[in-house]
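Just below is one structure, and these are the notes that go with it.
Residue numbers (my numbering), protein chains in the order written: chain A, 1 to 405; chain B, 406 to 810.
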C-alpha cells in the first residue's frame, strides 16, 4: 500500500509537475466555503499583499456612472468587500446567508483583478475571467442550475458551413436524453447570446443545458433540441476556438447588429433540419435571445414570419439605433408592416422579459406600447435587477416550459 | 455612430458588470506576447507586490527530489524565472526563442500561485489552474495543436448508463467531419487519460481533437470516431460536471487502478457500437492511453484479445504494484498466458512510447524485454523528457496515422 501510494504520488506529479502544488502545499486554503448557516467564506493566501478586496454579485450592488461620448451611462456594478488578514491568510465571510443563485466574483490584490486561485470553477466573459459560486438549494430556482442524477442530454460543438461568410462556423447543439437511441423527431429551440458572447456563453454562464436537463426530467418541459449559435457572424467560433489563435477576445467585431446575422439565419435552420431529426415546421420551432440576441430574435422572427411559433426577447437591445446605421437596413425597415404580417399568422407566443432597472427598459416599454396599441398579444415578465445573467437564466427557465405544448 | 457606440458600451457593461474592466482599465497589460524574434514576454501589473516569479515548462527544468514513505522520488519541475518591476508592471522576456509547442505556466506573487490574469486561455489539471501558451509554427509538430480552417469534427459530451456502477457516466466523443452528413461506418479509437484526469483531459491538455482534425485534413489519418472515457470509474463525470457539485477536485478516488474500469470497459464499447455508425469489429478498433490510461490499455487489451487490433501504451504505468492490491486481481493475473493468446491472434499493432527520463521507463523496459524474449512484435518510440503532456501529444500524433490502414 505504501509503495502504491508513493507511485501514485509520483504519477500525479508526472501528470503535471504543477499538480503537486495542490497536494503538497502551495495554494492550500479552501475557498469558497458555503457554511452551514448559509454564509460564504472566501480566502486568499498572501503574506505580502497590502489590500485584498472581493467583488461579487452576491454583495449589494454599487450604482456607478460614467460618461462616454458626452452621454452619461449609469450601471450597477457588483458590490465590494474587504478581506482581513490573519497570519498570511486573507478572509471574508458574508454577514448574511447568500441567497441560492449562481454568482461570479473576483479578488482585487493591490489593484490587480484576479480570480480566486483556490476555485477551479472559472467563467470567461469576453476577456475577463471570473470565479463562480453556485449556491443551489432544493426548491429554489438555482437548483435548476445544478447537475443532478437525472438523464442528461448530449452537448456538442458542431461546425456548419456558412454560405454567407464562406467559411465554417461553430455552434453548440443540445440533444435531449434519449435522442440518440430513439427514432423520434424533436422540436427545436434556437437560443442567441448577447454582445461579446459566443456559442459557449449560454452553456457556461447561462447553465442552459442544466436547466434543460432538469426541466425535462421533472416533466416541466418537452424534450427538445436546443441550438446555441454564434451571433458574431464574422467570427468562426468562440475566442481560442477559431483559427486566429491566441488573440485577446474583444467585442469589437465587424458585422455586428447590422443585419447580416439575421439575414443568414435561415442557413442555420436549414443545417439543423438536415442534420438532426427535427420536426421541420413552424409549429415546432422556437427562438429566444438575450440583449443583442433579443434584438436578433425580434428581427429574425419578423423577417421570417413562417419560421417560428414561439419567440422570446430577454432584455432585448431594441431601439439602440443600430437599425439606422445597418448595412442590411431592409432587415430593420417596415416594422409595423412586418408585425402585422407576423401576428396575422397567429404565432403561439411572443414572450418579453426585462429587469426593472435594466437600462433598456424604456425601449422595451415603447415596443410593448406599440404592441398594446395594435392589440397584439404577448406574455410579459418583469423582474428585479438589471441587465444580468441571473435574469436571463430566470427568463430561460420560464420560457422553455411554455414551448411546444 | 456615437450613440451606437455608447449603447454598445452600455450593453457590454450589462452583459457582465465585470467586463468593463477589460475595456475601461483594470488588468490592462498584454500578456503573453510572442515577439517577432520568437522570444515571449510575460507581464503582470501590481504596484505593491514584493516578488513575482513565473514557472513554466518552456524554461529549463529543475531536477527536484522529495521523500514519501521513506522512498525518494525525483522529478522534473518546470523552470522558474524572476519578473522585474517597472512602474507597477512586472515583466519577463525569455532570453531565447521559445520552441514551437504548447506550454503551461503560472505566476507566483509573494508566495501565491496564480494564473496570468491577462491570459484567458486556462487549463485545469485536477485542482490546479494554469495559463496556456501555444506557439504553433508551420512545419512544426505544434501546428497540429492549432485550429486551422480545415473541416472540423464534432466534439460531444455524451452520457451512457454504466451497469457496473448503476449510474450515468460522461464521455467525450469526437465524430470526424462529414460523419453527420454521410451514411458510412467508421472505425473507433478509444483514448484513455492518466490519474487525476477525466474525459476532458485529452481534449484540453492533449489537443486531441485539433490533432485529429488536422491529421485527417492532411490525409495523414483515416476519418475515425474517437472516444475519450472517464477512467475514474466511481466518478460520474469531470469535477464540476457531476452531481457532487462544487467539491475540490482530487486524485483520491475509490476504485482506481484495481480492475473495475478494465472489467467494465466492454459496456463502453457496446454503447458506442449501438449509438454510432461504427465498424463494430476488431479490425476497426483501437485503444490507447497515457500513464494510468496506458496501464488500463494494456489490461483491457489482454483481457479482451478479440476487441482491439491496435493498442498504444503512452508512458504506461505498468509495474506500479497496483496489480497486487487490486479488488479484481484476475484482471492482472496470468499476464504471460494472456500475452500468448493476444499475440496468437495477430493484432495489427502494439505501440509503446515513453520519455527517456520518465520515472516509469524501467518498468516499461522490463515489459519490452519480456516481449522481446518471447519474440512478440511491437513498435517503440523513445523521446526526450519525462512524464509530460508534450510527449503524450507527440505519441498520439504518431499513433493515429498508423491506424486502420
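The beta-carbon is built from N, C-alpha and C at its ideal position, and this holds for glycine as well.
Problem - Contacting positions in the segment 132 to 155 of chain A - beta carbon closer than 9 angstroms to chain B - result: 132, 133, 134, 136, 146, 147, 148, 149, 150, 151, 152, 153, 154 and 155
Problem - Touching by the beta-carbon criterion (3+ pairs, under 8 angstroms), the segment 520 to 530 of chain B and the segment 237 to 249 of chain A - result: yes
Problem - Completely contained alpha helix (DSSP H) runs for the segment 612 to 674 of chain B, where each covers 4 or more residues - result: 613 to 622
Handout entry: Alpha-carbon to alpha-carbon, residue 634 (chain B) and residue 26 (chain A)
Key = Position 26 of the first chain holds residue 26 (chain A). Position 229 of the second chain holds residue 634 (chain B). Low confidence applies to residue 26 (chain A): its pLDDT is 41, below 50, so where it sits in the model is not reliable, and the reading given next is rough at best. Their Cα atoms are separated by approximately 30 angstroms.
Practice task
Residues of the segment 431 to 465 of chain B with a CB closer than 9 angstroms to any CB of chain A: list them in chain order, please.
Solution key: 431, 432, 435, 437, 439, 449, 450, 451, 452, 453, 454, 455, 456, 460 and 462
Handout entry: Pairwise C-alpha distance: residue 404 (chain A) and residue 61 (chain A)
Key = The residue given as residue 61 (chain A) occupies position 61 in the first chain. The residue given as residue 404 (chain A) occupies position 404 in the first chain. Going from the Cα of residue 61 (chain A) to the Cα of residue 404 (chain A) covers about 38 angstroms.
Practice task
State yes or no: is the beta carbon of residue 159 (chain A) nearer than 7 angstroms to at least one beta carbon in chain B?
Solution key: Against the first chain, residue 159 (chain A) aligns to sequence position 159. Interface residue, yes.
Problem - Proximity test, Cβ basis, 7 angstroms: residue 243 (chain A) and chain B - result: Counting from 1 along the first chain, the entry for residue 243 (chain A) is found at position 243. So, interface residue.
Problem - residue 737 (chain B) classed as buried or exposed, judged by whether at least 16 other C-beta atoms fall within 10 angstroms - result: One-based indexing of the second chain puts residue 737 (chain B) at position 332. Its Cβ being crowded by 16 or more others within 10 Å, residue 737 (chain B) is buried.
Problem - Euclidean distance between Cα positions of residue 262 (chain A) and residue 439 (chain B) - result: Residue numbering aside, residue 262 (chain A) sits at position 262 when the first chain is read from its first letter. Residue numbering aside, residue 439 (chain B) sits at position 34 when the second chain is read from its first letter. Their backbone Cα atoms lie some 37 angstroms apart in a straight line.
Exercise for the section: Decide if the segment 207 to 227 of chain A is in contact with the segment 507 to 518 of chain B; the criterion is three or more beta carbon pairs, one per stretch, under 8 angstroms apart. Expected result: no
Practice task
For the beta strand (DSSP E) containing residue 450 (chain B), list its first residue and its last residue.
Solution key: On the second chain, position 45 is the one that residue 450 (chain B) refers to. Looking at the DSSP string, the run of the beta strand (DSSP E) that includes residue 450 (chain B) is 445 to 450.
Problem - Distance CB(residue 495 (chain B))-CB(residue 610 (chain B)) smaller than 7 angstroms - result: Sequence index remark: in the second chain, residue 495 (chain B) carries index 90 (1-based). Sequence index remark: in the second chain, residue 610 (chain B) carries index 205 (1-based). With a cutoff of 7 angstroms on beta-carbon distance, residue 495 (chain B) and residue 610 (chain B) are scored as not near each other.
Handout entry: residue 98 (chain A) (DSSP reduced to helix, strand or coil)
Key = Residue 98 (chain A) sits at position 98 when you count from the first residue of the first chain. Reduced to three states, the DSSP call for residue 98 (chain A) is coil.
Handout entry: Beta carbon proximity, residue 22 (chain A) to chain B, threshold 7 angstroms
Key = Within the first chain, the letter at position 22 stands for residue 22 (chain A). Any reading at residue 22 (chain A) must be qualified, since the residue scores a pLDDT of 36, below 50, and its modelled position is unreliable; no value is offered.
Practice task
Report the rounded CA-to-CA distance for residue 429 (chain B) versus residue 317 (chain A), giving the unit in angstroms.
Solution key: As a first step, residue 429 (chain B) is located in the second chain; it is residue number 24 there, counting from the start. As a first step, residue 317 (chain A) is located in the first chain; it is residue number 317 there, counting from the start. Per-residue confidence for residue 429 (chain B) stands at a pLDDT of 35, beneath the threshold of 50, marking its modelled position as unreliable; the derived number appears in the next sentence. Their Cα atoms are separated by approximately 22 angstroms.
Problem - Close beta carbons around residue 566 (chain B), own chain, < 7 angstroms, minus the five adjacent residues each side - result: Reading the second chain from its first residue, position 161 is the one you call residue 566 (chain B). These residues qualify, in order along the chain: 573.
Exercise for the section: Give the range of the beta strand (DSSP E) segment to which residue 361 (chain A) is assigned. Expected result: Position 361 of the first chain, counted from the start, is the residue given in the question as residue 361 (chain A). Under the DSSP assignment, residue 361 (chain A) falls outside any beta strand (DSSP E), being part of the alpha helix (DSSP H) whose first and last residues are 361 to 374.
Exercise for the section: Please determine, among B:542, B:468, B:497 and B:782, the residue with the shortest C-alpha to C-alpha distance to residue 448 (chain B). Expected result: The residue labelled residue 448 (chain B) in the question sits at position 43 within the second chain. Answer by Cα proximity: B:497.
Exercise for the section: Please determine, among B:780, B:763, B:759 and B:724, the residue with the shortest C-alpha to C-alpha distance to residue 744 (chain B). Expected result: Counted from its first residue, the second chain places residue 744 (chain B) at position 339. The residue with the shortest Cα to Cα distance from residue 744 (chain B) is B:780.
Exercise for the section: Measure the alpha-carbon distance for residue 172 (chain A) versus residue 481 (chain B) and round it to whole angstroms. Expected result: Residue mapping note: residue 172 (chain A) aligns to position 172 of the first chain, counting from 1. Residue mapping note: residue 481 (chain B) aligns to position 76 of the second chain, counting from 1. About 39 angstroms.
Problem - Cβ distance (whole Å) where residue 152 (chain A) is taken to contact residue 177 (chain A) below 8 angstroms - result: Locating residue 152 (chain A) in the first chain gives position 152, counting from the first residue. Locating residue 177 (chain A) in the first chain gives position 177, counting from the first residue. With a Cβ gap of about 6 angstroms, residue 152 (chain A) and residue 177 (chain A) count as contacting.
Problem - Whole-number beta carbon distance between residue 289 (chain A) and residue 402 (chain A), since they are thought to touch under 8 angstroms - result: Reading the first chain from its first residue, position 402 is the one you call residue 402 (chain A). Reading the first chain from its first residue, position 289 is the one you call residue 289 (chain A). No, residue 402 (chain A) and residue 289 (chain A) are not in contact; Cβ-Cβ is about 16 angstroms, not under 8 angstroms.
Exercise for the section: Name the residue from A:114, A:344, A:250 and A:358 whose alpha carbon lies nearest to the alpha carbon of residue 386 (chain A). Expected result: Numbered from 1 along the first chain, position 386 holds the residue referred to as residue 386 (chain A). It is A:358 whose Cα lies nearest to the Cα of residue 386 (chain A).
Practice task
Alpha carbon to alpha carbon, how far is residue 697 (chain B) from residue 725 (chain B)? Give it in angstroms, no decimals.
Solution key: Residue mapping note: residue 725 (chain B) aligns to position 320 of the second chain, counting from 1. Residue mapping note: residue 697 (chain B) aligns to position 292 of the second chain, counting from 1. Rounded to whole angstroms, residue 725 (chain B) to residue 697 (chain B) spans 10 angstroms at the Cα level.
Problem - C-beta neighbour in chain D for residue 680 (chain B), strict 7 angstroms - result: Although the question refers to chain D, the structure presented lacks it and instead comprises the protein chains A and B.
Exercise for the section: Kindly indicate if chain A contains any beta-carbon less than 7 angstroms away from that of residue 694 (chain B). Expected result: Reading the second chain from its first residue, position 289 is the one you call residue 694 (chain B). Output row for residue 694 (chain B): interface = no.
Practice task
Would you identify the three-state DSSP class for residue 164 (chain A), choosing helix, strand or coil?
Solution key: In the first chain, the residue the question calls residue 164 (chain A) occupies position 164. Residue 164 (chain A): coil per DSSP, three-state reduction.
Problem - Per DSSP, cross-strand counterpart(s) of residue 112 (chain A) - result: Within the first chain, the letter at position 112 stands for residue 112 (chain A). Answer by DSSP bridge pairing, in chain order: A:109.
Practice task
Measure the CB-CB distance between residue 550 (chain B) and residue 450 (chain B) and report whether it falls below 7 angstroms.
Solution key: Residue mapping note: residue 550 (chain B) aligns to position 145 of the second chain, counting from 1. Residue mapping note: residue 450 (chain B) aligns to position 45 of the second chain, counting from 1. Not a contact, by the Cβ cut-off of 7 angstroms.
Practice task
Decide if residue 659 (chain B) is buried, meaning its Cβ has at least 16 other Cβ atoms within 10 Å, or exposed.
Solution key: Here residue 659 (chain B) is taken as the residue at index 254 of the second chain, counted from 1. Residue 659 (chain B) comes out exposed.
Problem - chain B contact residues for residue 115 (chain A), given Cβ-Cβ distances below 9 angstroms - result: Along the first chain, read from residue 1 onward, the residue named residue 115 (chain A) stands at position 115. The contacting residues are 519, 520, 522, 527 and 534.
Problem - Spatial neighbours of residue 394 (chain A) in its chain, beta-carbon cut-off 7 angstroms, leaving aside the 5 residues before and after - result: To locate residue 394 (chain A), count along the first chain from 1; it is residue 394. So the qualifying residues of the chain are 141 and 383.
Handout entry: Residue closest to residue 702 (chain B), alpha-carbon to alpha-carbon, out of B:729, B:671, B:678 and B:732
Key = Walking along the second chain from the start, residue 702 (chain B) turns up at place 297. The residue with the shortest Cα to Cα distance from residue 702 (chain B) is B:671.
Problem - CB contact check: residue 110 (chain A) to chain B, cutoff 7 angstroms - result: Along the first chain, read from residue 1 onward, the residue named residue 110 (chain A) stands at position 110. Yes, because at least one Cβ of chain B sits closer than 7 angstroms to the Cβ of residue 110 (chain A).
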